[in-house]
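Encoded as structure tokens, the structure appears first; notes follow it.
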Amino acid sequence: HTVELNDMFGHIQSPGYPDSYPSDSEVMWNITVPEGFRIKLYFMHFDLESSYLCEYDYVKVETEDQVLANFCGRETTDTEQTPGQEAILSPGSFMSITFRSDFSNEERYTGFDAHYMAMDVDECTEREDEELSCDHYCHNYIGGYYCSCRFGYLLHTDNRTCRVECSDNLFTQRTGIITSPDFPNPYPKSSECFYTIELEEGFRVSLQFEDLFDIEDHPDVSCPYDYIKIKAGLKSLGPFCGEKAPGPINTQSHSVQILFHSDNSGENRGWKLSYSAAGNDCPVLQPPVHGKIEPLQAKYSFKDQVLISCDTGYKVQKDNVEMDTFQVECLKDGSWSNKIPICKVADCRAPAELEHGLITFSTRNNLTTYKSEIRYSCQQPYYKMLPNITGIYTCSAQGTWTNKILGRKLPTCLPVCGLPKVSRKLMAR
Amino acid sequence: IFNGRQVQKGTTPWIAMLTHPGGQPFCGGSLLGTNWIVTAAHCLHQLLDPENQILHDSDLIRPSDFKIILGKHWRLQSDENEQHLMVKRIILHPLYSPTTFENDVGLVELLKSPMLNDFVMPICLPEGPPEEGAMVIVSGWGKQFLQRFPDTLMEIEIPIVDHRTCQDAYAQLRKNVTADMICAGEKEGGKDACAGDSGGPMVTLDKERGQWYLVGTVSWGDDCGKKDRYGVYSYIHHNKNWIQMVTGVRN
Chain A
7 HTVELNDMFG HIQSPGYPDS YPSDSEVMWN ITVPEGFRIK LYFMHFDLES
57 SYLCEYDYVK VETEDQVLAN FCGRETTDTE QTPGQEAILS PGSFMSITFR
107 SDFSNEERYT GFDAHYMAMD VDECTEREDE ELSCDHYCHN YIGGYYCSCR
157 FGYLLHTDNR TCRVECSDNL FTQRTGIITS PDFPNPYPKS SECFYTIELE
207 EGFRVSLQFE DLFDIEDHPD VSCPYDYIKI KAGLKSLGPF CGEKAPGPIN
257 TQSHSVQILF HSDNSGENRG WKLSYSAAGN DCPVLQPPVH GKIEPLQAKY
307 SFKDQVLISC DTGYKVQKDN VEMDTFQVEC LKDGSWSNKI PICKVADCRA
357 PAELEHGLIT FSTRNNLTTY KSEIRYSCQQ PYYKMLPNIT GIYTCSAQGT
407 WTNKILGRKL PTCLPVCGLP KVSRKLMAR
Chain B
2 IFNGRQVQKG TTPWIAMLTH PGGQPFCGGS LLGTNWIVTA AHCLHQLLDP
52 ENQILHDSDL IRPSDFKIIL GKHWRLQSDE NEQHLMVKRI ILHPLYSPTT
102 FENDVGLVEL LKSPMLNDFV MPICLPEGPP EEGAMVIVSG WGKQFLQRFP
152 DTLMEIEIPI VDHRTCQDAY AQLRKNVTAD MICAGEKEGG KDACAGDSGG
202 PMVTLDKERG QWYLVGTVSW GDDCGKKDRY GVYSYIHHNK NWIQMVTGVR
252 N
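Listed in order, the protein sequences are those of chains A and B.
Counting from 7, one number per residue, gives the positions in the first sequence under the working numbering.
Counting from 2, one number per residue, gives the positions in the second sequence under the working numbering.
Next comes the structure, spelled out in structure tokens:
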């Protein structure tokens with residue numbers, strides 16, 4: 007005879023309770039409560055025939071796959087159990103109670119009176135197996151629980167593990183460091199991380215794993231859980247996992263994609279790599295006469311830039327244009343973007359006219375090159391120089407006529423006032 | 002110029018002659034910097050109706066109605082060093098009153114700069130008020146005694162008169178001598194500027210700097226050379242800021 011019970015609480019009794027129970031009877035109670043609950047059974051009264059290992063009359067409490075208790079008698083002995091004040095808890099949301107009496111009873115036994123209630127299961131404190139527990143935070147509530155994640159993580163579709171958004175990592179520098187998220191702490195689960203190294207065509211990227219390398223693996227199958235895959239141009243590399251990092255990788259490509267996949271389990275600390283890019287080499291350069299190259303290196307390669315500048319008093323001349331510096335770049339094909347220009351002595355050229363003024367050169371052949379000198383003066387006695395300077399200008403290294411006080415600015419010639427050349431007699435009083 | 006003497010060539014290189022197109026001089030002036038002539042405001046407009054002394058733009062003379070001659074010595078004869086310059090614009094002092102001759106100062110901008118030489122040179126602006134009792138020189142081609150015009154530039158050397166004295170002298174005639182005016186002459190009269198000298202320079206020597214500067218411009222008076230009737234001039238130091246604001250000229 008089976009009784010199905012689905013309420014959140016209730017009570018059961020032996021047949022005829024509180025009168026003695028009949029012999030040769032069997033009753034089974036199946037109690038089912040909602041998921042997220044377990045069942046607590048406790049006896050208010052227990053009086054059964056005792057027998058060795060309760061082979062005669064008994065009350066057996068069990069779940070689908072285990073016997074939780076087997077009671078009989080009126081008090082606990084080394085071979086018989088009575089519930090006493092103890093409650094019996096089911097691990098899950100199902101409990102079956104079987105009452106059985108055999109065909110004879112030596113005396114009158116009043117049987118039992120038991121109660122049961124559904125009790126919330128606190129999954130957050132009880133879940134042991136990794137498969138089921140929350141990855142970061144667990145929140146229990148009556149009848150269930152849910153998981154949440156630390157800042158910066160997203161709850162995965164399994165509602166349990168926490169993944170990160172890491173699909174847009176773009177590296178455009180010629181060198182760089184790439185690591186798994188949170189490295190060297192364990193990397194997040196359930197994540198798909200994409201790292202792209204995108205450099206200008208002409209560069210060749212090399213990868214070098216560093217420090218520790220700890221990606222969940224499997225002794226027999228190649229990287230079934232977590233893995234790194236690398237795509238460089240038409241080449242594909244990996245998957246890589248385990249604790250032995252791959253050797254240096256020269257991708258021969260300027261564009262590299264790295265995929266890092268993690269599943270929803272494992273506590274591995276991840277990986278770190280450095281990358282660098284090199285291009286074709288360009289010929290070594292010689293500085294121009296009266297000039298220098300910066301930076302001066304034994305070797306130059308694609309994208310390297312050098313600045314050509316001249317000694318003081320000289321100017322870079324390129325295609326008849328004068329400038330202070332000139333930049334050349336090592337191109338993809340290993341040639342320089344421009345020929346090295348020459349350094350020509352700075353030439354201030356003809357000085358600007360000064361209204362109502364005169365210019366005298368300090369050299370007979372009216373030199374205008376670096377360090378040459380001229381002198382401005384005003385048409386005396388009718389004009390005077392303002393400010394009152396020597397009027398001496400020197401051709402500077404920048405190729406401009408420069409005065410110690412005014413710099414590149416010219417003075418002005420102002421008319422002299424109130425000074426007639428023909429003076430008159432002293433004023434009479 | 003009443004009771005004056007002939008100017009020695011080259012001693013007054015700043016003097017300018019304002020002439021009508023036909024060559025008739027009608028006022029004097031002084032070269033400031035290289036582009037400006039300072040003269041009397043009353044030289045720069047037509048004669049007004051005595052009954053209606055309000056100045057309109059239409060009363061102003063047009064820049065094309067006159068020209069400036071620098072380096073001039075003879076009144077009518079041409080000089081070998083004279084330079085004829087056209088006028089770009091004229092500017093009267095904003096507070097000029099044609100009835101009281103207050104702020105009787107005007108500026109003429111030249112179309113082109115003259116060439117400076119021994120006979121053409123600007124006058125300095127004053128650095129401060131003239132000394133008490135300073136002697137000043139007034140020059141011009143204006144009328145002499147008996148209303149005759151001179152052949153050459155004439156000048157007088159007269160003392161600056163105390164402002165109160167001058168005010169008293171003209172109070173009897175109900176004429177007001179204001180702070181923008183300065184007087185000069187002898188009490189007994191004699192040496193004086195006269196018609197045709199208007200706008201011309203009154204200068205004196207700054208002994209420290211050794212430079213001549215403009216003290217005033219010939220403005221008005223009661224007749225010419227009369228006793229107790231000092232010549233009244235537009236006081237340049239009083240209006241120096243305005244002049245420098247308009248012309249930008251610095252000594």
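Positions of the beta carbon are idealized from the N, C-alpha and C atoms, including for glycine.
Quick caveat: nothing in here was measured; it's all calculated off a predicted structure.
Within-9 angstroms CB hit, residue i to chain B
| i | result |
| --- | --- |
| proline 426(A) | yes |
| tyrosine 388(A) | yes |
| serine 429(A) | yes |
| valine 296(A) | Position check: residue 296(A) holds histidine in this sequence, whereas valine was assumed. Chain B contact via Cβ: absent. |
| alanine 434(A) | Residue placement at alanine 434(A) cannot be trusted, given a pLDDT of 48 that sits under 50; what the coordinates show is reported in the next sentence. Cβ-Cβ to chain B under 9 angstroms: yes for alanine 434(A). |
| glutamine 323(A) | no |
| glutamine 303(A) | no |
| glycine 363(A) | no |
| glutamine 438(A) | In the structure as shown, chain A starts at 7 and stops at 435, and residue 438(A) therefore has no counterpart that could be examined. |
| asparagine 409(A) | no |
| glutamine 385(A) | yes |
First and last residue of the uninterrupted beta strand (DSSP E) at residue i
| i | result |
| --- | --- |
| asparagine 507(A) | Since the displayed chain A opens at 7 and closes at 435, residue 507(A) lies outside it and no answer follows. |
| threonine 131(A) | Premise fails: threonine 131(A) lies in the alpha helix (DSSP H), 129-132, not in any beta strand (DSSP E). |
| aspartate 53(A) | 43-53 |
| glutamine 333(A) | 331-335 |
| methionine 101(A) | 100-107 |
| cysteine 140(A) | Cysteine 140(A) -> no beta strand (DSSP E), and no H or E assigned at all. |
| phenylalanine 27(B) | 26-33 |
| tyrosine 234(B) | 232-236 |
| tryptophan 221(B) | 212-221 |
| leucine 95(A) | 93-95 |
| glutamate 10(A) | 8-11 |
| methionine 391(A) | 389-392 |
| glutamate 300(A) | 297-300 |
| glutamine 323(A) | 320-324 |
| alanine 41(B) | Where alanine 41(B) is concerned, there is no enclosing beta strand (DSSP E), given that its DSSP letter is neither H nor E. |
Unbroken alpha helix (DSSP H) run spanning residue i, endpoints
| i | result |
| --- | --- |
| tryptophan 243(B) | 241-248 |
| threonine 205(B) | That residue, threonine 205(B), is in no alpha helix (DSSP H); its beta strand (DSSP E) goes 202-207. |
| alanine 75(A) | Taken as a continuous stretch (DSSP letters only), alanine 75(A) belongs to no alpha helix (DSSP H), being part of the beta strand (DSSP E) at 73-77. |
| glutamine 168(B) | 164-172 |
Sheet register partners of residue i (DSSP bridge)
| i | result |
| --- | --- |
| tyrosine 287(A) | First, the amino acid is wrong: residue 287(A) is aspartate here, not tyrosine. Bridge partners of aspartate 287(A): Ser307(A). |
| threonine 202(A) | Leu176(A) and Gln263(A) |
| leucine 279(A) | Ile184(A) and Phe215(A) |
| arginine 381(A) | Thr366(A) and Ile398(A) |
| asparagine 270(A) | Answer is none; asparagine 270(A) lacks a bridge partner. |
| valine 67(A) | Ala75(A) and Ile103(A) |
| glutamine 7(B) | Met155(B) |
| arginine 90(B) | Glu110(B) |
| aspartate 220(A) | Gly276(A) |
Residue i: contacting residues in chain B (beta-carbon distance under 8 angstroms)
| i | result |
| --- | --- |
| proline 421(A) | Gly34, Thr35, Leu117, Met122 and Pro123 |
Below-9 angstroms beta-carbon distance, residue i vs any chain A residue
| i | result |
| --- | --- |
| asparagine 252(B) | yes |
| tryptophan 142(B) | no |
| tryptophan 15(B) | yes |
| threonine 12(B) | yes |
| leucine 19(B) | no |
| leucine 126(B) | yes |
| phenylalanine 3(B) | no |
Under 7 angstroms by beta carbon: chain A residues contacting residue i
| i | result |
| --- | --- |
| glutamine 9(B) | Val428 and Arg430 |
Residue i Cβ short of 8 angstroms to the ligand COA heavy atom set
| i | result |
| --- | --- |
| isoleucine 45(A) | The ligand COA is not among the ligands present in this structure, which contains no ligands whatsoever. |
Taking only beta carbons into account, state which residues of the region 200-233 of chain B come closer than 7 angstroms to chain A, listed in chain order. Leu206, Gln212, Trp213 and Tyr214
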